[in-house]
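> Residue numbers (the working numbering): 4 to 300. No residue lacks a Cβ here, since even glycine has one placed at the ideal position from N, Cα and C. Computed from a prediction, not measured in an experiment: that's the story for all the values here.
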Amino acid sequence: ATVEMDEKLKERIAKHPCYSEDAHHHYARMHVAVAPACNIQCNYCNRKYDCANESRPGVVSELLTPEEAAHKAIVIAGKIPQMTVVGIAGPGDPLANPEKTFRTFELIADKAPDIKLCLSTNGLMLPEYIDRIKQLNIDHVTITLNTTDPEIGAQIYSWVHYKRKRYRGVEGARILLEKQMEGLQALREADILCKVNSVMIPGVNDQNLIEVNKMIREQGAFLHNIMPLISAPEHGTHFGLTGQRGPSQKELKAVQDNCSGNMKMMRHCRQCRADAVGLLGEDRSQEFTKDKFMEMD
Ligand code: CLF
Ligand code: SF4
Numbered sequence: 004a005t006v007e008m009d010e011k012l013k014e015r016i017a018k019h020p021c022y023s024e025d026a027h028h029h030y031a032r033m034h035v036a037v038a039p040a041c042n043i044q045c046n047y048c049n050r051k052y053d054c055a056n057e058s059r060p061g062v063v064s065e066l067l068t069p070e071e072a073a074h075k076a077i078v079i080a081g082k083i084p085q086m087t088v089v090g091i092a093g094p095g096d097p098l099a100n101p102e103k104t105f106r107t108f109e110l111i112a113d114k115a116p117d118i119k120l121c122l123s124t125n126g127l128m129l130p131e132y133i134d135r136i137k138q139l140n141i142d143h144v145t146i147t148l149n150t151t152d153p154e155i156g157a158q159i160y161s162w163v164h165y166k167r168k169r170y171r172g173v174e175g176a177r178i179l180l181e182k183q184m185e186g187l188q189a190l191r192e193a194d195i196l197c198k199v200n201s202v203m204i205p206g207v208n209d210q211n212l213i214e215v216n217k218m219i220r221e222q223g224a225f226l227h228n229i230m231p232l233i234s235a236p237e238h239g240t241h242f243g244l245t246g247q248r249g250p251s252q253k254e255l256k257a258v259q260d261n262c263s264g265n266m267k268m269m270r271h272c273r274q275c276r277a278d279a280v281g282l283l284g285e286d287r288s289q290e291f292t293k294d295k296f297m298e299m300d
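1) Which whole runs of the beta strand (DSSP E) in the region 166-233 are 3 residues long or more, in chain order?
2) State the CB to CB distance for the pair Ile204 and Leu232, rounded to an integer number of angstroms; the pair is presumed to be in contact (CB under 8 angstroms).
3) What are the complete beta strand (DSSP E) segments, minimum 3 residues, inside the region 260-295?
4) Nearer than 7 angstroms: is that true of the beta carbon of Asn125 relative to any heavy atom of the ligand SF4?
5) Give every residue of the same chain whose Cβ lies closer than 8 angstroms to the Cβ of Met297, excluding the five residues on either side of it in the sequence, and list them in chain order.
6) Identify whether Tyr160 lies in helix, strand or coil by the three-state DSSP scheme.
7) Can you tell me whether DSSP reads Leu67 as helix, strand or coil?
8) Exposed or buried, which one is Pro250 when buried takes at least 16 other CB atoms within 10 Å?
9) Look at Asn140 and Asp96 and say whether their C-beta atoms are less than 8 angstroms apart.
10) What residue range is occupied by the uninterrupted beta strand (DSSP E) comprising Gln138?
11) Mind the definition here: the region 169-188 touches the region 99-106 only if three or more C-beta pairs lie below 8 angstroms; say whether that holds.
12) I'd like the list of long-range same chain contacts for Cys262, defined as Cβ closer than 8 angstroms, with 5 residues on each side in sequence excluded.
13) So who's on the other strand from Met33, going by DSSP bridges?
14) Would you list, in sequence order, the uninterrupted beta strand (DSSP E) runs of no fewer than 3 residues that lie entirely inside the region 98-127?
15) Using 7 angstroms as the cut-off, classify the Cβ of Ala92 as near or not near the heavy atoms of the ligand CLF, replying yes or no.
16) Counting along the chain, where does the alpha helix (DSSP H) carrying Ile16 start and finish?
17) Taking DSSP as the reference, what is the three-state secondary structure of Gln247?
18) For Val78, which three-state DSSP category applies?
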């Protein structure tokens with residue numbers, strides 16, 4: 004589907020490899036893994052590995068302090084000229100680690116003001132931190148939003164930890180959805196570009212994704228990325244254990260096509276690691292492990 008876009012908006016996404024399909028051939032992103040904790044439990048997540056909302060299951064990223072992360076970002080920006088975006092996407096939820104996440108962005112913005120800042124979150128704490136996000140000029144925020152229905156949510160999230168209390172089942176899912184919707188609205192009011200990721204789980208939320216698409220479109224989200232559940236029993240996720248499979252390429256495409264009426268759909272996502280480096284299709288994270296980048300300048 005073609006979506007009309009004004010020139011200003013085009014400029015804002017022109018160098019972001021995820022927000023612009025054209026850009027992903029020419030521009031690179033890097034992730035810094037500074038955020039280990041999480042405030043919800045998705046059934047497709049195994050905490051031993053990176054946040055499965057925006058990353059590849061079965062991968063363990065090397066955790067960094069904000070200072071190490073900033074050093075890494077500056078080193079890599081110097082070595083890879085196409086590097087335009089630094090994202091924080093895990094290994095847990097960035098906004099469940101607000102001090103680490105914001106300190107990292109602050110240090111990077113200070114030393115490399117041209118790099119765009121990108122944040123990916125489950126959305127639970129987004130309303131809480133919207134002011135800091137604005138202050139830091141974070142122009143790209145992703146919310147992983149898997150359903151508009153708390154009953155379905157109860158099958159996806161086993162608990163939600165909000166303001167010192169743990170909520171289970173429908174109750175937890177309802178709180179999460181409420182905060183995600185508030186977050187969407189706050190981003191729109193702040194004129195921050197918002198991408199929504201939805202993990203497609205056949206038999207659980209696949210029928211509901213059209214509804215998700217409609218809702219986020221009405222709330223002003225810019226781009227929708229429907230990602231396949233990757234769930235292998237060896238990752239030890241709940242869905243893996245219950246034999247829940249991911250969608251086939253064909254099933255995924257059918258849902259994406261059904262949603263694409265009025266909204267841009269992302270179809271080039273590579274489900275990166277929380278410490279990914281490079282163009283979307285390539286993974287250079289091993290060239291920049293901590294023992295290596297700490298020696299570089
Ligand atoms: Fe990273 Fe995500 Fe920002 Fe991109 S990834 S925080 S928006 S800079 Fe991109 Fe990777 Fe897909 Fe994410 S390909 S998993 S959508
Ligand atoms: Fe795992 Fe990410 Fe879900 Fe947290 S938000 S439980 S880290 S997939």
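On the basis of the coordinates in this document:
1) Listed in chain order, the complete beta strand (DSSP E) runs (minimum 3 residues) inside the region 166-233 are 168-171, 196-203, 226-231.
2) For Ile204 against Leu232, the beta-carbon gap comes to about 5 angstroms, under 8 angstroms, which counts as contact.
3) Along the length of the region 260-295, whole beta strand (DSSP E) runs at least 3 residues long do not occur.
4) Within the cutoff, so yes.
5) Cβ neighbours of Met297 beyond the five flanking positions: Glu71, His74.
6) Tyr160 falls in the strand class under three-state DSSP.
7) DSSP places Leu67 outside both helix and strand once states are collapsed to three, so it counts as coil.
8) It counts as buried.
9) No.
10) Counting along the chain, Gln138 falls outside any beta strand (DSSP E), though it belongs to the alpha helix (DSSP H) covering 129-138.
11) With contact defined as three or more Cβ pairs closer than 8 angstroms, the region 169-188 and the region 99-106 are not in contact.
12) These residues qualify, in order along the chain: Leu212, Ile213, Asn216, His227, Ile229, Met268.
13) According to DSSP, Met33 bridges with Val89, Val280.
14) Correct list: 119-124.
15) If you check the C-beta of Ala92 against the ligand CLF, you find a heavy atom less than 7 angstroms away.
16) Note, Ile16: alpha helix (DSSP H), 10-16.
17) Of the three classes helix, strand and coil, the one that applies to Gln247 here is coil, per DSSP.
18) Reduced to three states, the DSSP call for Val78 is helix.
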